[in-house]
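Enquirer: One structure follows; several queries about it will come next.
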Amino acid sequence: MPINRIEALVLKRKRFIFEASLVLSVIAPTLFSIFFIPLFSPAFYFNTFFSSASLLLLLYNRTTRYTHLLRTAQLFVFLAYIHFTATVILNVEDTFAGVWYLFLVLMVFLVLENRAGFFYSALVVATLILIEQLGLIPTLSPNLVSVLIAVVIITTLGTFINNTIRANEAILNDENRLLESRVQERTQELDHTLTHENVTGLPNRHALLRYLDRHEAVALAIIDIRHFSHINDTFSHDTGDAILREVARRLGAYVSQGMTLFRLDSDRFALVYTQWDAQNHKTALEKLQADFEANPIDIEMAGVTQAFGVSLLIAMSFEPKGLLLDTAGLVLKHAKRTHQNFVVYDKAYDLEGKTIRAMNNLKLIKRAIDEDDIVPVFQKILHQEHNYYEALVRLRRGAELLSPALFLDDAKKTPYYHQITRIMIEKSMDYFRTSNAKFSINLSFQDIAHPEMEHFIIDRLKHFSQPQNVVFEMLESENIEVPTIITRFNARIKEYGASLAIDDFGSGYSNFHYLADLEPDILKIDGSIIKHIAIDTRYALIAKTIVQFAHDQHMMVVGEFVHNQATFDTAQSLGIDAFQGYHIAKPELEVER
Numbered sequence: 005m006p007i008n009r010i011e012a013l014v015l016k017r018k019r020f021i022f023e024a025s026l027v028l029s030v031i032a033p034t035l036f037s038i039f040f041i042p043l044f045s046p047a048f049y050f051n052t053f054f055s056s057a058s059l060l061l062l063l064y065n066r067t068t069r070y071t072h073l074l075r076t077a078q079l080f081v082f083l084a085y086i087h088f089t090a091t092v093i094l095n096v097e098d099t100f101a102g103v104w105y106l107f108l109v110l111m112v113f114l115v116l117e118n119r120a121g122f123f124y125s126a127l128v129v130a131t132l133i134l135i136e137q138l139g140l141i142p143t144l145s146p147n148l149v150s151v152l153i154a155v156v157i158i159t160t161l162g163t164f165i166n167n168t169i170r171a172n173e174a175i176l177n178d179e180n181r182l183l184e185s186r187v188q189e190r191t192q193e194l195d196h197t198l199t200h201e202n203v204t205g206l207p208n209r210h211a212l213l214r215y216l217d218r219h220e221a222v223a224l225a226i227i228d229i230r231h232f233s234h235i236n237d238t239f240s241h242d243t244g245d246a247i248l249r250e251v252a253r254r255l256g257a258y259v260s261q262g263m264t265l266f267r268l269d270s271d272r273f274a275l276v277y278t279q280w281d282a283q284n285h286k287t288a289l290e291k292l293q294a295d296f297e298a299n300p301i302d303i304e305m306a307g308v309t310q311a312f313g314v315s316l317l318i319a320m321s322f323e324p325k326g327l328l329l330d331t332a333g334l335v336l337k338h339a340k341r342t343h344q345n346f347v348v349y350d351k352a353y354d355l356e357g358k359t360i361r362a363m364n365n366l367k368l369i370k371r372a373i374d375e376d377d378i379v380p381v382f383q384k385i386l387h388q389e390h391n392y393y394e395a396l397v398r399l400r401r402g403a404e405l406l407s408p409a410l411f412l413d414d415a416k417k418t419p420y421y422h423q424i425t426r427i428m429i430e431k432s433m434d435y436f437r438t439s440n441a442k443f444s445i446n447l448s449f450q451d452i453a454h455p456e457m458e459h460f461i462i463d464r465l466k467h468f469s470q471p472q473n474v475v476f477e478m479l480e481s482e483n484i485e486v487p488t489i490i491t492r493f494n495a496r497i498k499e500y501g502a503s504l505a506i507d508d509f510g511s512g513y514s515n516f517h518y519l520a521d522l523e524p525d526i527l528k529i530d531g532s533i534i535k536h537i538a539i540d541t542r543y544a545l546i547a548k549t550i551v552q553f554a555h556d557q558h559m560m561v562v563g564e565f566v567h568n569q570a571t572f573d574t575a576q577s578l579g580i581d582a583f584q585g586y587h588i589a590k591p592e593l594e595v596e597r
């Protein structure tokens, strides 16, 4: 149960009184020693040592709260009290003299505490006086008296110490309860901050994801405020916040049993249904839209009330169950693209298929990376002077090797893409480490524009035994209109003897001016040109023009998609230097090195 502020103050006061009384009880015998016991006498040292030691233990116990330290401190302070009383007040030199039974008074008081201690200690004093006056004090041998007194002292001290420790533990328990209460309150505050946004006070996207994970939702509607950014840009964010709060209030009034409202982001809300009545709920949402359009939101600005018309766009999703939010988001994009105000998910949009395919691909890619199933295959490029291969990425799924066409586009939208590039570079270099064969690795502009990836590539070149055999291929379509980054990368790899190739040349804009600026070492003519050169003289003329330009710029030319003998013969006649395609060789996991 949480502790309130009054209880906390009372607990604090208890702790102060408890610790102050302990410290005073420890300091007292030291002060008495200074005034009543000859300085530097054995008695002085005895008393000062035990009282000082008990004070240090108590101070240390203040931070650690170890009960055995408190027990030791109390024992020391009792020894100091007893010794002081015996040597100063009663003037007894024998530590176990019979008169020590008078300490029963003090011990009774300390054990029982408060009123009971005072009453019973007074009763003991009166009894002792009565016994003395009547001459009833027995004559006991010193040894027996010593034993009895020792038993009484030990028993009394144990009882007192146990009572003191229990009191201390009770305070500690209360303090722990207070601490737990504060931690609980702070945790609740932090959780609320994490799961609620501060403009409308509604649960946020984080809370929505948690809710969908813990509840069986059957439908989800994303409610978008049309042209909300225009309000923020034209007026102010304060005005936009005021409109958001009013929209949240009106939507909250609409919410009924089986519905939960969330704010997704700047201008979007999400309404989650755990129960769905198709006819009634859809009609209610359409009425909600109509009410917003018919009733503008009034906002006071500089003393003048301004009416803002608010139009809602609603996108509904019912399946698949685990992708309600993602599917609703795709439906919302479809609604904006087709200029509709209310769109319900339809399988005809193929949103589910696209979403599932993308998510399954990401799971497949992650698993392949984790299980070392990203592998290179090598396709021979026929060249008269040396062995030459292109490393092509594949994803191994069981006995099957998946083409990059099935997963690479999805990977490019995630950090997994750079991991795949790293794996291909490492495995290709490891494969050809002891070979004299030339081999090429495909890169994207996304790779070389990424500082960490560029550093990784250069570092691998530094430590590769034959960097002059490495060729990095870039697609012609990959931002060739931004040549500065590519030119810089080309200059860096040339420091180690590596080469740059432009792949698929002829598939895009084919800007010869930029090509001359990039100064690649190798030019690969795209298969869309090569496959027609044997049957269409126009394509043969295009290929011949590219070859002449490349040779003038001292570039080697590779013809891709050489799929039959006629194409191979024509490519040779056009002056192409090297040939790649299924007529030459298929990609293989193992090749001649």
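At position 211 of the sequence shown (counting the first as 1) the number is 215 in this note's numbering, and the numbers step up by one without a gap. A virtual CB, placed ideally from N, CA and C, is assigned to each residue, including glycine.
1. Name the one or two DSSP bridge partners that Lys548 has.
2. Who are the near neighbours of Ile526 in its chain, counting only those whose CB is closer than 7 Å to its CB and skipping five residues on each side?
3. How far does the beta strand (DSSP E) with His387 in it reach, from first residue to last?
4. Roughly how many angstroms lie between the CA atoms of Arg341 and Ser233, to the nearest whole one?
5. In this structure, does DSSP put Pro455 in helix, strand or coil?
6. Per DSSP, Arg272 forms a beta bridge with which residues?
7. Quick one: residues in its chain with C-beta nearer than 7 Å to the C-beta of Lys548, no 5 flanking neighbours on either side, listed in chain order?
8. Would DSSP call Pro487 helix, strand or coil?
9. Going by DSSP in three states, Thr571 sits in which element: helix, strand or coil?
10. In whole angstroms, what separates the C-alpha of Asn473 from that of Ile385?
11. Assuming contact is defined by CB atoms lying nearer than 8 Å, are Ala311 and Ala332 in contact in what I supplied?
12. What's the C-alpha gap between Thr197 and Arg209?
13. Do Phe346 and Glu290 have their CB atoms nearer than 8 Å?
14. With three or more beta-carbon pairs closer than 8 Å as the criterion, would you say the segment 427-438 touches the segment 369-384?
15. Are Leu241 and Thr278 close, meaning C-beta to C-beta below 8 Å?
16. Can you find the residues in the same chain that come closer than 6 Å, C-beta to C-beta, to Thr67, ignoring five residues on each side of it along the sequence?
17. Rounded to the nearest angstrom, how far is the Cβ of Gln584 from that of Val595, given a contact under 8 Å?
18. Give me the residue from Gln569, Thr574, Gln576 and Ile580 with the minimum Cα distance to Ala589.
19. Using the rule of at least 16 other Cβ atoms within 10 Å of the residue's Cβ for burial, across every protein chain shown, is Gly609 buried or exposed?
20. By Cβ distance, which residues of its chain are closer than 6 Å to Phe296, with the 5 residues on each side in sequence left out?
21. Excluding the 5 residues preceding and the 5 following Thr199 in the sequence, name in chain order all residues of the same chain whose CB lies nearer than 8 Å to its CB.
22. Buried or exposed, going by whether 16 or more other CB atoms sit within 10 Å of the CB of Lys367?
23. Could you pull out every residue in the same chain whose Cβ sits closer than 7 Å to the Cβ of Gly256, ignoring the five residues on either side in sequence?
24. Relative to the alpha-carbon of Asp540, which residue among Thr571, Asp530, Gly510 and Gln552 has its alpha-carbon at the smallest distance?
25. Can you find the residues in the same chain that come closer than 7 Å, C-beta to C-beta, to Ala598, ignoring five residues on each side of it along the sequence?
26. Verify whether the separation of the beta carbon atoms of Leu334 and Leu224 is less than 8 Å.
27. Do you know how far the Cα of Asn440 is from the Cα of Asp451?
28. Output the distance between the C-alpha atoms of Ser270 and Leu216, rounded to the nearest integer angstrom.
29. Which value, in whole angstroms, describes the spacing of the CA atoms of Ala339 and Asn391?
30. Give the straight-line distance between the Cα atoms of Leu406 and Arg398, rounded to the nearest whole angstrom.
31. In whole angstroms, what separates the C-alpha of Phe436 from that of Thr418?
32. Please report the straight-line C-alpha distance between Ile369 and Trp280, rounded to a whole angstrom.
33. Return yes when at least one heavy atom of the ligand MG lies under 7 Å from the C-beta of Gly563, else no.
34. What residues are listed by DSSP as bridge partners for Pro408?
35. When the distance is taken between beta carbons, is Ala544 closer than 8 Å to Thr574?
36. What residue range is occupied by the uninterrupted alpha helix (DSSP H) comprising Glu250?
Expert: A quick look at the data gives this:
1. Taking the first residue of the sequence shown as position 1, residue 548 is located at position 544. Partner(s): none; Lys548 has no beta bridge.
2. For the purposes of this step, residue 526 is identified with residue 522 of the sequence shown, where counting begins at 1. Taken in chain order, the residues that qualify are Val475, Ser503, Ala505, Met559, Met560 and Val562.
3. By 1-based counting over the sequence shown, the position of residue 387 is 383. His387: member of the beta strand (DSSP E) spanning Ile378 to His387, first to last residue.
4. The residue given as residue 341 occupies position 337 in the sequence shown. The residue given as residue 233 occupies position 229 in the sequence shown. So the two alpha carbons sit approximately 18 Å from each other.
5. By 1-based counting over the sequence shown, the position of residue 455 is 451. Of the three classes helix, strand and coil, the one that applies to Pro455 here is helix, per DSSP.
6. For the purposes of this step, residue 272 is taken as the residue at position 268 of the sequence shown. Listed as beta-bridge partners of Arg272 by DSSP are Asp228 and Asp269.
7. Residue numbering aside, residue 548 sits at position 544 when the sequence shown is read from its first letter. Leu578, listed in sequence order.
8. On the sequence shown, position 483 is the one that residue 487 refers to. It is helical.
9. The residue labelled residue 571 in the question sits at position 567 within the sequence shown. Helix at Thr571.
10. As a position in the sequence shown, residue 473 is number 469, starting the count at 1. As a position in the sequence shown, residue 385 is number 381, starting the count at 1. Straight-line measurement puts the Cα of Ile385 at about 14 Å from the Cα of Asn473.
11. The residue given as residue 311 occupies position 307 in the sequence shown. The residue given as residue 332 occupies position 328 in the sequence shown. No, these two residues do not count as a Cβ contact at 8 Å.
12. Residue 197 sits at position 193 when you count from the first residue of the sequence shown. Residue 209 sits at position 205 when you count from the first residue of the sequence shown. Each residue's alpha carbon lies about 12 Å from the other.
13. To locate residue 346, count along the sequence shown from 1; it is residue 342. To locate residue 290, count along the sequence shown from 1; it is residue 286. Yes. Within cutoff.
14. Yes, they touch.
15. Here residue 241 corresponds to residue number 237 of the sequence shown, with the count starting at 1. Here residue 278 corresponds to residue number 274 of the sequence shown, with the count starting at 1. Inspection of the sequence shows that residue 241 is occupied by His rather than by Leu. Not closer than 8 Å, so no.
16. Taking the sequence shown and counting its residues from 1, one reaches residue 67 at position 63. Here Thr67 scores only 46 on pLDDT, less than 50, and its place in the model should not be relied on; the value that follows carries that caveat. So no residue of the chain qualifies.
17. Residue numbering aside, residue 584 sits at position 580 when the sequence shown is read from its first letter. Residue numbering aside, residue 595 sits at position 591 when the sequence shown is read from its first letter. Val595 and Gln584 do not touch by the CB rule: their CB atoms are close to 13 Å apart, not below 8 Å.
18. Numbered from its first residue, the sequence shown carries residue 589 at position 585. Nearest Cα to Ala589 within the set Gln569, Thr574, Gln576 and Ile580: Gln569.
19. Nothing can be reported for residue 609: it is not among the residues displayed for the chain, which extend from 5 to 597.
20. As a working mapping, residue 296 is identified with position 292 in the sequence shown. Taken in chain order, the residues that qualify are Val314 and Leu316.
21. As a position in the sequence shown, residue 199 is number 195, starting the count at 1. Same-chain partners within the cutoff: Pro207, Asn208, His210, Ala211 and Arg214.
22. Here residue 367 is taken as the residue at index 363 of the sequence shown, counted from 1. Burial call: exposed.
23. Counting from 1 along the sequence shown, the entry for residue 256 is found at position 252. So the qualifying residues of the chain are Leu265.
24. Locating residue 540 in the sequence shown gives position 536, where the first residue counts as 1. Residue Thr571 is the option with its Cα nearest to Asp540.
25. No answer is possible for residue 598: the residues shown for the chain start at 5 and end at 597.
26. Here residue 334 corresponds to residue number 330 of the sequence shown, with the count starting at 1. Here residue 224 corresponds to residue number 220 of the sequence shown, with the count starting at 1. Contact: no.
27. As a position in the sequence shown, residue 451 is number 447, starting the count at 1. As a position in the sequence shown, residue 440 is number 436, starting the count at 1. About 26 Å.
28. The count along the sequence shown starts at 1 and reaches residue 270 at position 266. The count along the sequence shown starts at 1 and reaches residue 216 at position 212. Roughly 21 Å separates the two Cα atoms.
29. Here residue 339 refers to the residue found at position 335 of the sequence shown. Here residue 391 refers to the residue found at position 387 of the sequence shown. Rounded to the nearest whole angstrom, the C-alpha separation of Ala339 and Asn391 is 55 Å.
30. Counted from its first residue, the sequence shown places residue 406 at position 402. Counted from its first residue, the sequence shown places residue 398 at position 394. Linking Leu406 to Arg398 through their CA atoms gives a straight-line distance of about 5 Å.
31. Here the question's residue 436 lines up with position 432 in the sequence shown. Here the question's residue 418 lines up with position 414 in the sequence shown. Rounded to the nearest angstrom, the two C-alpha atoms are 29 Å apart.
32. Numbered from its first residue, the sequence shown carries residue 369 at position 365. Numbered from its first residue, the sequence shown carries residue 280 at position 276. The C-alpha of Ile369 lies about 36 Å from the C-alpha of Trp280.
33. The ligand MG is not part of this structure, which contains no ligands at all.
34. Translated into the one-based positions of the sequence shown, residue 408 becomes position 404. Per DSSP, none; premise fails for Pro408.
35. The count along the sequence shown starts at 1 and reaches residue 574 at position 570. The count along the sequence shown starts at 1 and reaches residue 544 at position 540. Taking the C-beta atoms as reference points, Ala544 is found nearer than 8 Å to Thr574.
36. Taking the first residue of the sequence shown as 1, we reach residue 250 at position 246. Per DSSP, Glu250 belongs to the alpha helix (DSSP H) from His241 to Tyr258.
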